[in-house]
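Numbering (this note's numbering), first residue to last: 24 to 134.
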């Protein structure tokens, strides 16, 4: 039911955005510039790594690495901010699903 409700919420917003883009006089030659293509491919590569490495390394390790890499792809400053983002995201999702909801996450080589 939740995906359906989210879809009902997103549909009118996307239609509004689409119709407003049709009225826009400014035309762009390319959808993505050279730097944006690299960022997009880095993001896709990180997601593929996340999916492929999950059964072998387990959820906490892979999520920590993947969110850190996504933070760097999104150009977060320094090393501390992406590391804090990765640690916080990993901890929150782990607590939510594994501890509170009792949903087993992939353990990988850790157990």
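For every residue, glycine included, the Cβ atom is placed at its ideal position computed from N, Cα and C.
Note that the coordinates shown come from a computational prediction; the quantities given were computed from them, not determined experimentally.
Same chain, Cβ closer than 8 Å to residue i, neighbours up to 5 away in sequence not counted
i	result
residue 126	120
residue 108	90, 91, 94, 99
residue 101	none
Residues near residue i by beta carbon distance below 6 Å, same chain, minus five either side
i	result
residue 131	79, 80, 81
residue 35	none
CA nearest to the CA of residue i, picked from the options
i	options	result
residue 105	94, 30, 85, 77	94
residue 97	62, 111, 26, 40	62
Cβ-Cβ distance between residue i and residue j below 8 Å
i	j	result
residue 76	residue 85	yes
residue 112	residue 83	no
residue 110	residue 124	no
CB-CB length for residue i against residue j, believed under 8 Å
i	j	result
residue 99	residue 117	Actually they are not in contact, since the Cβ atoms of residue 99 and residue 117 sit about 21 Å apart, beyond 8 Å.
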